[in-house]
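S.K.: Handing you this structure, nothing more for now.
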Amino acid sequence: MTRRFIGSIICCLLMMVGAADVNASDKTGRGGHFAWGAEIGPSIDVCGDDMSTIDLGGFLGWRNDIIDFAGIGAGINMVMSHSGRFFPVYAGFRSSFSKKKRLVFIDARIGCVFASDSERPSQRELYVSPGIGFNLASGATYQSYLLLNYSYCGLSFPSIKQGNEVTGVNRIGMTLGITF
41 MTRRFIGSII CCLLMMVGAA DVNASDKTGR GGHFAWGAEI GPSIDVCGDD
91 MSTIDLGGFL GWRNDIIDFA GIGAGINMVM SHSGRFFPVY AGFRSSFSKK
141 KRLVFIDARI GCVFASDSER PSQRELYVSP GIGFNLASGA TYQSYLLLNY
191 SYCGLSFPSI KQGNEVTGVN RIGMTLGITF
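Next comes the structure, spelled out in structure tokens:
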């Protein structure tokens with residue numbers, strides 16, 4: 041079920057990119073191109089369950105005049121208070137919905153998060169991460185940005201403070217990224 045859902049999301053994003061690319065090339069005479077990038081930043085657990093993380097990620101996909109990025113990505117989120125690790129794999133979309141360079145853009149990600157923990161078997165659950173970003177610097181071949189986002193991981197971990205199980209990890213993050 042999860043594979044079909046993620047496959048459907050990826051297909052929809054690719055169709056949107058293709059449609060936007062055709063429209064952009066008709067009006068401007070130039071189409072989109074391959075894009076890739078990397079991100080790093082902290083995420084703070086908003087529920088007080090000691091699940092704050094340091095996040096590293098990479099992505100690849102497509103970009104054109106209107107869409108800053110549409111494609112797939114993966115990351116590693118390392119929990120600071122214990123040895124837990126999250127591995128999100130997602131379909132992502134980022135745009136300011138304008139052909140002109142804008143300061144603010146939206147970022148949306150949906151996919152699956154895998155987790156490893158020394159005390160539990162591997163898990164695979166829903167990953168959702170909407171956000172708002174701010175362009176820092178950009179040129180013809182790159183774009184750097186600061187992203188403020190919320191992320192939900194439907195994982196279960198033992199709570200260190202409360203002694204019970206944490207189900208659903210809710211975090212607020214600040215990410216510094218670059219796209220080429």
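In this note's numbering, each residue's number is its place in the sequence shown (first place is 1) plus 40. From the three backbone atoms N, C-alpha and C, an ideal C-beta is built for every residue, glycine too. Predicted, not measured: the structure shown is a model, and the values here were computed from it.
1) For the candidate residues T181, C152, G151, D147, whose alpha-carbon lies nearest to that of G171?
2) Just reading off the beta strand (DSSP E) that G179 is part of, what are its end residues?
3) Can you tell me the Cα-Cα spacing of I212 and I106, whole angstroms?
4) Using the three-state DSSP reduction, which class does C87 fall into: helix, strand or coil?
5) Looking at G194 and S166, is the spacing between their C-beta atoms short of 8 Å?
6) Can you give me the C-alpha to C-alpha distance between M118 and D90, rounded to a whole angstrom?
M.R.: Short version:
1) D147
2) Counting along the chain, G179 falls outside any beta strand (DSSP E), and DSSP gives it neither H nor E.
3) 27 Å
4) coil
5) The sequence given here places Leu at residue 166; Ser does not occur at that position. Yes; because the gap between Cβ atoms is below 8 Å, this pair is in contact.
6) 12 Å
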